[in-house]
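Everything below concerns the one structure shown next.
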Amino acid sequence: MQKLIPIVLLALLAGCTKQVDNRLTSEEAPQDEILSRQSIDATIKKQVLETGSFDWSKANTLEVWSALQQSDKAIAVGYKPASYTGDLSQTIQDIDLNSPDWKNAREQVLEMVYQSERKRDAGLTKSNLYAYEENTLPVLYLLVEQKETIVQLRQSGLVRYTDPMGYYPENTGLFGTTETIATMSSSGCGSNVSEPGLSSPADFTTITPGAKQSWNYGFHGIPNAWATSTGTGRKVMVIDTGLSPNQSLFGSLLNSGFSNGRTVERRVTLRKPGFLGFGYGSVESSTNDGCGHGTSMAGAALSPRNSSGGPVGVAYNASLVSVRASADVLINESRENKGVADALILAGNRSDVHIVSMSIGNITSNNNVRDAVNYAYNRGKLIFAAAGTSFGWSAGWFGVVFPANMSNVRAVTGIQDDGSRCDACHQGNEVDFVVVMEKDSNGRTQLSTAQSGFAPSTVGGSSVATATTSAIAALVWSANPGLSREQVVSKMITSSSNYPGRSGNFGWGLINANTAVQ
Numbered sequence: 005m006q007k008l009i010p011i012v013l014l015a016l017l018a019g020c021t022k023q024v025d026n027r028l029t030s031e032e033a034p035q036d037e038i039l040s041r042q043s044i045d046a047t048i049k050k051q052v053l054e055t056g057s058f059d060w061s062k063a064n065t066l067e068v069w070s071a072l073q074q075s076d077k078a079i080a081v082g083y084k085p086a087s088y089t090g091d092l093s094q095t096i097q098d099i100d101l102n103s104p105d106w107k108n109a110r111e112q113v114l115e116m117v118y119q120s121e122r123k124r125d126a127g128l129t130k131s132n133l134y135a136y137e138e139n140t141l142p143v144l145y146l147l148v149e150q151k152e153t154i155v156q157l158r159q160s161g162l163v164r165y166t167d168p169m170g171y172y173p174e175n176t177g178l179f180g181t182t183e184t185i186a187t188m189s190s191s192g193c194g195s196n197v198s199e200p201g202l203s204s205p206a207d208f209t210t211i212t213p214g215a216k217q218s219w220n221y222g223f224h225g226i227p228n229a230w231a232t233s234t235g236t237g238r239k240v241m242v243i244d245t246g247l248s249p250n251q252s253l254f255g256s257l258l259n260s261g262f263s264n265g266r267t268v269e270r271r272v273t274l275r276k277p278g279f280l281g282f283g284y285g286s287v288e289s290s291t292n293d294g295c296g297h298g299t300s301m302a303g304a305a306l307s308p309r310n311s312s313g314g315p316v317g318v319a320y321n322a323s324l325v326s327v328r329a330s331a332d333v334l335i336n337e338s339r340e341n342k343g344v345a346d347a348l349i350l351a352g353n354r355s356d357v358h359i360v361s362m363s364i365g366n367i368t369s370n371n372n373v374r375d376a377v378n379y380a381y382n383r384g385k386l387i388f389a390a391a392g393t394s395f396g397w398s399a400g401w402f403g404v405v406f407p408a409n410m411s412n413v414r415a416v417t418g419i420q421d422d423g424s425r426c427d428a429c430h431q432g433n434e435v436d437f438v439v440v441m442e443k444d445s446n447g448r449t450q451l452s453t454a455q456s457g458f459a460p461s462t463v464g465g466s467s468v469a470t471a472t473t474s475a476i477a478a479l480v481w482s483a484n485p486g487l488s489r490e491q492v493v494s495k496m497i498t499s500s501s502n503y504p505g506r507s508g509n510f511g512w513g514l515i516n517a518n519t520a521v522q
């Protein structure tokens with residue numbers, strides 16, 4: 005049975021303008037009148053249908069406060085000095101949080117929250133307010149219960165945004181289905197096992213010294229590109245669900261056959277659950293992929309070319325940094341939100357990391373992740389993200405998701421071999437590139453690396469399209485190491501099927517890797 009890995013997402017968080025409607029305002033509602041999840045979900049869907057994205061700053065204060073109370077009460081508060089007038093999206097990487105202006109702004113916001121929240125608990129300490137600590141970005145991660153706290157924060161000139169971190173649409177009938185969020189979140193997990201019934205040449209070609217080349221590589225000129233570049237000297241960070249400890253292709257066989265001189269590094273930024281009432285949420289100890297999605301993404305991009313009979317990745321001589329930042333494909337928990345932001349900060353701080361591949365995303369996007377994307381991008385990283393892969397409730401009524409719809413992120417989606425959109429892939433104006441990853445005739449998707457063993461698994465959606473495009477970028481940059489990030493992207497664009505035009509749904513189209521590496 006074919007497995008399509010979904011990223012079931014909603015929206016984009018953008019500006020800081022409050023949207024006022026004719027419903028009960030936050031100031032008119034009593035403290036204990038918490039809106040139902042159905043009411044909050046209706047606001048989310050309405051905004052997406054009208055604007056194509058969701059932004060908590062355009063929800064009213066009652067909706068923000070209610071979303072906190074209907075989730076884990078964790079809020080991301082972006083702050084700045086009152087006198088700051090610059091474009092933080094361009095300068096966030098240069099901020100010194102210990103400078104007087106930024107330190108004072110942070111302390112003033114914390115004091116504001118403390119004085120408001122202690123009205124419900126006279127014994128509250130400032131340390132009890134923290135959900136997570138943050139030392140790089142101008143963000144406070146706090147636990148908030150008072151509606152008045154949200155009112156004060158949203159009125160303050162020191163505050164850039166106030167985003168509930170752990171709220172997600174419950175999805176019980178509102179979106180035309182009874183599919184639950186737990187089903188959607190786990191639907192990308194547990195399917196990364198070997199695919200039965202694969203045959204040559206329909207599904208793969210065996211190439212020297214015995215590796216399996218996926219059926220779709222020829223559409224992108226990848227086999228011919230290997231004569232020029234195999235990714236040597238480039239390092240790709242895959243921010244996902246981790247890497248299987250049982251897959252020797254990323255262990256003892258990483259450097260074998262035609263793959264040599266490269267490294268694999270396993271990191272974790274995902275926070276532990278259950279932090280409420282216990283101060284800071286500590287980082288998980290294991291880098292292991294309990295889901296399977298991260299291993300399949302790493303495999304599509306970077307699996308070695310050797311004699312094992314396993315699938316070969318697109319950039320089989322590039323190095324890998326696998327970061328376990330999420331527990332599954334849907335970043336719907338505060339701890340996952342923080343984990344992804346921390347992974348992007350890690351990428352930004354690593355001079356040896358060139359490319360970031362993200363095939364996961366949020367149902368309700370948060371500006372702390374936007375800050376982290378800007379931080380990594382401004383430090384020179386080439387970032388690719390999935391345009392979205394949806395089943396059930398989210399399919400068909402919105403386009404490219406966050407963070408792929410950010411202007412400094414390259415959005416990727418999947419198409420079938422007949423040129424049409426893949427069954428569950430999102431499309432829209434923000435898409436930059438597409439990858440052929442699904443057969444129209446039988447739904448077969450791209451080969452990748454299973455959790456263990458050498459027999460390939462298969463994986464689809466915009467997830468694998470993103471991992472594949474990130475690896476093509478590694479081929480291009482490896483062949484032209486003196487190029488800037490922008491020049492690498494330019495070579496990818498000019499070698500694509502729609503160039504010099506650009507499609508409204510599929511961007512520049514299919515990259516020809518062989519042309520791009522020359």
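The sequence shown begins at 5 in this note's numbering and counts up by one. Virtual Cβ for every residue (Gly too), placed ideally from N, Cα, C.
Among the options, nearest to residue i - alpha-carbon criterion
i    : options                : result
S256 : A391, V272, F458, S445 : F458
S500 : L162, S40, H224, E67   : H224
T129 : E137, K62, Y118, V468  : Y118
E337 : T95, I79, L133         : I79
S411 : A63, T65, Q94          : Q94
N484 : T234, R158, L101, I96  : T234
T210 : P227, I99, A477, G194  : P227
P249 : S300, S286, R238       : S300
V240 : Y171, A475, D346       : A475
G314 : Q251, N102, Y379       : Q251
S494 : S482, D356, G508, W512 : W512
G343 : D356, A322, P277       : P277
S424 : V316, S307, S507       : S507
V163 : D125, Y145, Q150       : Y145
S330 : A347, G317, N321, V316 : A347
T472 : V438, D444, W481       : V438
A135 : A109, R124, Q112, K77  : K77
E340 : V287, K385, Q97        : V287
A71  : M169, I335, D356, F254 : M169
R41  : Y165, D421, P173       : P173
I96  : Y165, S43, R383        : R383
A86  : A63, V113, D100        : V113
Sub-9 angstroms separation of residue i and residue j beta-carbons
i    : j    : result
S198 : D207 : no
E269 : L324 : yes
D293 : G246 : yes
V463 : Q455 : no
T232 : L514 : no
V523 : C295 : Because the chain is modelled from 5 through 522, residue 523 falls outside the range shown and cannot be assessed.
T453 : A319 : no
D244 : S326 : yes
K84  : W60  : no
I349 : Y381 : no
A391 : E434 : yes
A520 : T498 : yes
Supposed close pair residue i, residue j - CB separation, criterion 8 angstroms
i    : j    : result
L141 : A351 : About 13 angstroms separates the two Cβ atoms, so there is no contact after all.
G82  : V143 : 5 angstroms
A305 : G261 : Their Cβ separation, rounded to whole angstroms, is 17 angstroms, which puts A305 and G261 out of contact at 8 angstroms.
A469 : M441 : 5 angstroms
S120 : Q156 : 6 angstroms
N371 : F406 : At roughly 10 angstroms, the Cβ-Cβ gap does not stay under 8 angstroms, so N371 and F406 are not in contact.
N509 : Q431 : 4 angstroms
P308 : S263 : 4 angstroms
S482 : G237 : 5 angstroms
S394 : A428 : 6 angstroms
I69  : I154 : Residue identity differs from the one stated: residue 69 is Trp in this sequence, not Ile. That pair is a contact at about 5 angstroms.
F58  : I44  : Not quite, the Cβ-Cβ distance comes to about 11 angstroms (not below 8 angstroms), so this is no contact.
A408 : V373 : In fact, because the Cβ distance is near 12 angstroms, the residues do not count as touching under 8 angstroms.
For residue i, the residue or residues it bridges with in DSSP
i    : result
A389 : M362, A415
Y165 : G82
T462 : L451
G511 : S507
I211 : A215
P315 : K216
N292 : L247
L334 : G365
V272 : R328
S500 : I515
V148 : Beta-bridge pairing links V148 to no other residue.
Q420 : E442
The ligand NAP heavy atom lying under 8 angstroms from the CB of residue i
i    : result
T472 : Here there are no bound small molecules, and the ligand NAP is not part of this structure.
**OP:** Write down every uninterrupted run of the beta strand (DSSP E) in the segment 227-255 whose length is 3 residues or greater and which is fully enclosed by it, in chain order.
**Re:** 239-244
Original post:
Going along the chain, which unbroken runs of the beta strand (DSSP E) with 3 or more residues stay wholly within the segment 430-460?
Top reply: 435-442, 450-452, all fully within the segment 430-460.
Original post:
Along the chain, which unbroken stretches of the alpha helix (DSSP H) at least 4 residues long are found entirely within the segment 47-119?
Top reply: 65-73, 92-95
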